[in-house]
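Residues in the sequence shown are numbered from 49 upward in steps of one, following this note's numbering. In this text, a Cβ means the ideal position worked out from N, Cα and C, and glycines have one as well. Here is the structure we will look at.
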Amino acid sequence: MDANNQIISVNVEAPYNVTVGWNLLERLELPHKRVALIYDSKLPSSLVKKVSSHFELSIPLPSGEACKSLEVHAKVLSELAKHAFPRDAAIVALGGGATSDLAGYVAASYLRGVAFYNLPTSLLGMVDASVGGKTGVNLPEGKNLVGAFHQPRAVWADLETLQSLPERVWKEGMAEMFKHGLLEREAAVPRFFEKSDLEQPDFLSTLARSIRVKAEIVARDPFEAGERAHLNLGHTLGHALEWASNHSLSHGEAIGYGLLYAAILSRLENRSTWMGKAAEFLEWMRPSPLPTRNFEDLIPLMARDKKATSDGLKFVLLDGPGNPYTARVALNRQHQAFQEFLKVVDNIEQRASASRSLLPTPEVP
Ligand SMILES: NC(=O)c1ccc[n+]([C@@H]2O[C@H](COP(=O)([O-])OP(=O)(O)OC[C@H]3O[C@@H](n4cnc5c(N)ncnc54)[C@H](O)[C@@H]3O)[C@@H](O)[C@H]2O)c1
């Protein structure tokens, strides 16, 4: 093993390791005779071949969110059954968070549960989706409405896979890294790494640190009975925006907006001052435009949030970095925060278009 690789333990009932580093896929060995690889069909074929040559069966999935449906889930289960995969077989996911959510749910449900391993290929997959055992699919009525907890046996986050990641998807992953930095007890908001920083040693150590934030919260609350809800910082408005856009706004972009909204709500509720950092992040990220400026459109979508109980909706707020809590917020406060949010977003967009207009006009040949 490369001395620079880092290992993070996830101390749940059956503990497992997340290994982060370079050239991990080449050395993959699993203690199972029969293994099915489930992978995102949009990945470079060289990447898939590196892994598929180790395994008996390879099942391609529709790329990204399109794989997270009951139809795709049923097709993959049938494929495993046709090949008579037994109980001691294993499922390996190769792809971003959407792939690991679907493949994990297949592993959780096939023969009432088989071994599961994760090879995340997106930044978001590495720091968030591949760790913690939440698996599932979407329904037409909403995201992640069906699923199960099924922890992987191991996760290998090979940085080489990130080389083909589109810049936009990279930035979306940084939104979750930014969120983990805000949640970290030692309050370590990371710098916003560009994809060109991939080979810098401090990127690897920051990535490992970000995964540790998630691993520690998951270990303290594996079934989201309490503290784990803090990982939903920025997700209440974020998910609502994602649904309102019919997924043209990606998860990471929506979380970028959601974190700014959570920062404004936090300031109004507890006078904390991390809003500047959230605005800076959004300016760096340059997400697609908001799907709506009308808060009334978002209220019913926010009500679908998983932190909503029969008593109503709760938000994750931050009383300064490293100090999250959940709270109900009066509706007029939510409205007020949204109006401030729109002003900040408008300012960011104006600055972005001013800087674009300062760029030299390309010469016409
Ligand atoms: N289970 C959890 O705890 C958890 C946590 C956070 C998010 N999620 C889920 O994760 C999903 C978002 O994850 P994501 O951002 O990784 O999305 P994704 O899996 O949809 O990947 C985003 C895009 O990047 C492409 N891609 C991924 N890796 C690539 C690579 N190495 N090279 C080239 N292209 C690549 C995919 O084809 C897709 O088009 C959502 O469905 C979300 O609900 C789950």
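{"Query": "For L105, three-class secondary structure by DSSP", "Result": "strand"}
{"Query": "DSSP state of Q199 mapped onto helix, strand, coil", "Result": "coil"}
{"Query": "Expected contact under 8 Å - CB spacing of A196 and G184 to nearest Å", "Result": "7 Å"}
{"Query": "Best match in G69, H121 and R216 for proximity to I259 [C-alpha to C-alpha]", "Result": "G69"}
{"Query": "Simplified DSSP state of A141, which is helix, strand or coil", "Result": "strand"}
{"Query": "V217 beta carbon near ligand 1 (any heavy atom closer than 7 Å)", "Result": "yes"}
{"Query": "Nearest to N192 (by Cα), restricted to the options H283, T67 and L338", "Result": "H283"}
{"Query": "As assigned by DSSP and simplified to three states, the class of Q15", "Result": "Absent from the structure is residue 15, since the part of the chain shown begins at 49 and ends at 413."}
{"Query": "DSSP bridge partner residues for V364 (one or two, in chain order)", "Result": "T374"}
{"Query": "According to DSSP, residues forming a beta bridge with I86", "Result": "I107 and A141"}
{"Query": "Bounding residues of the beta strand (DSSP E) (the contiguous stretch that carries N186)", "Result": "K182 to L187"}
{"Query": "Beta carbon of V175 nearer than 8 Å to that of L297", "Result": "no"}
{"Query": "Of the residues K97, E215 and L279, the one placed nearest T374, counting alpha carbons only", "Result": "L279"}
{"Query": "Collapsed DSSP secondary structure at P337 in the structure displayed", "Result": "coil"}
{"Query": "Given R352 as reference, the closest of L171, N186 and Q398 once Cα atoms are compared", "Result": "N186"}
{"Query": "Three or more C-beta pairs below 8 Å linking the stretch 322–329 and the stretch 341–352", "Result": "no"}
{"Query": "Contacting residues, own chain, Cβ-Cβ under 7 Å from P413 (five flanking each side not counted)", "Result": "Since pLDDT at P413 reaches only 49, below the 50 mark, its modelled position is unreliable, and no value is offered."}
{"Query": "Length of the line joining the Cα atoms of F133 and V140", "Result": "13 Å"}
{"Query": "C-alpha gap between N166 and M333, whole angstroms", "Result": "27 Å"}
{"Query": "Among G300, V154 and Q248, nearest to V217 - alpha-carbon criterion", "Result": "G300"}
{"Query": "Residues of its chain near G221, where Cβ-Cβ distance is below 7 Å and the 5 sequence neighbours each way are ignored", "Result": "S170, L171, L172, V175 and G300"}
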